[in-house]
Amino acid sequence: MILSQVRGGDFSRIDRLLGIYDETSSDLLRWSCVQIIGDAGTTSCFKRVAQELDDALDPDKAGKFCNAFEAWGSLSAVPALLQSYERYFGFQDIEGLPLKLSTLLEMEWGPLMERPTEDGLLVYEDRVMEWYEMLKQKFGTEKVILLHGERFGVVSLARRMLRCLGDSYFEKTMQPFYRRRFEASTGIDCSGFYKDRNFQPLTAAAILEGFLESPEAARYEEGVRYFFGHRIPE
0 MILSQVRGGD FSRIDRLLGI YDETSSDLLR WSCVQIIGDA GTTSCFKRVA
50 QELDDALDPD KAGKFCNAFE AWGSLSAVPA LLQSYERYFG FQDIEGLPLK
100 LSTLLEMEWG PLMERPTEDG LLVYEDRVME WYEMLKQKFG TEKVILLHGE
150 RFGVVSLARR MLRCLGDSYF EKTMQPFYRR RFEASTGIDC SGFYKDRNFQ
200 PLTAAAILEG FLESPEAARY EEGVRYFFGH RIPE
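So this is what it looks like as structure tokens:
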């Protein structure tokens, strides 16, 4: 019901997914709640997520919602991500966070992707906060949606995806994430990107080029998040 409403552009009940997450014992339903929040959560919803993670000691929940923060892509999420990383350092659910931070902040994977040792954790956190402050100064706010240190946009994402159709480690790692961001933003069926779990570059290129050449692409504003073509309230 909530997903249907959100797909139709009504985001008024998106926060209810946080309650459903806490109430259910189903791992699949929890995963679904996190996915929808990551793709379609409002700023107020993510503020509530950050507060709940701050109030609770739950590495599994923190790990799942760090994935939602990554999909959100807001620079303002960096302090909450770092807090979870410090609090649950060494837990398997949180060990992939440096890759998420690097994808958010760095134009290419760089020093932020390297997992620190426990002794080097404070130095790593300082390095991340330096990037955070630099980008905050560049854009004049922390309330900016980013991908690879640049302002996120659906059209710019599609163009980036066209440049990322190869089979390098970086491309193969990022293709599923890009596909998720694009499909959630536009509602365009991208299931053809994969066949038997193998990436199909020609099919992907055709879908992306079709979008970019269509009149539909012109209505997507840079720096704005969308879900199934509907602007997400910030």
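Okay, so the sequence shown: first residue is 0 according to numbering that gives the first Met the number 0, each after it adds one.
C-beta atoms are modelled at their ideal positions from N, C-alpha and C, and glycine is treated no differently.
- Judged by their CB atoms, Phe151 and Arg224 are nearer to each other than the 9 Å cut-off.
- A direct Cα-to-Cα measurement between Val33 and Gln4 gives close to 16 Å.
- Here the C-alpha atom of Ser73 lies approximately 33 Å from the C-alpha atom of Asp195.
- Close CB contacts of Glu124 within its chain, under the 6 Å cut and outside five residues either way in sequence, are with Leu81 (chain order).
- For the 9 Å CB-CB criterion, Ala67 and Arg86 do not form a contact.
- With respect to the C-alpha of Ala205, the residue from Phe226, Gly191, Ser167, Gly18 having the closest C-alpha is Gly191.
- The segment 102-117 makes contact with the segment 138-148; the number of CB pairs closer than 8 Å reaches 3 or more.
- Rounded to whole angstroms, the Cβ separation of Ile1 and Arg15 is 6 Å, and the two are in contact under 8 Å.
- The Cβ atoms of Ala216 and Leu164 lie no closer than 9 Å to each other.
- At a Cβ-Cβ threshold of 9 Å, Ile19 and Leu27 do not count as neighbours.
- Beta-bridge analysis with DSSP links Leu145 to Arg150.
- Annotated as distal: Cys65 and Ser43, with beta-carbon spacing of 9 Å or more.
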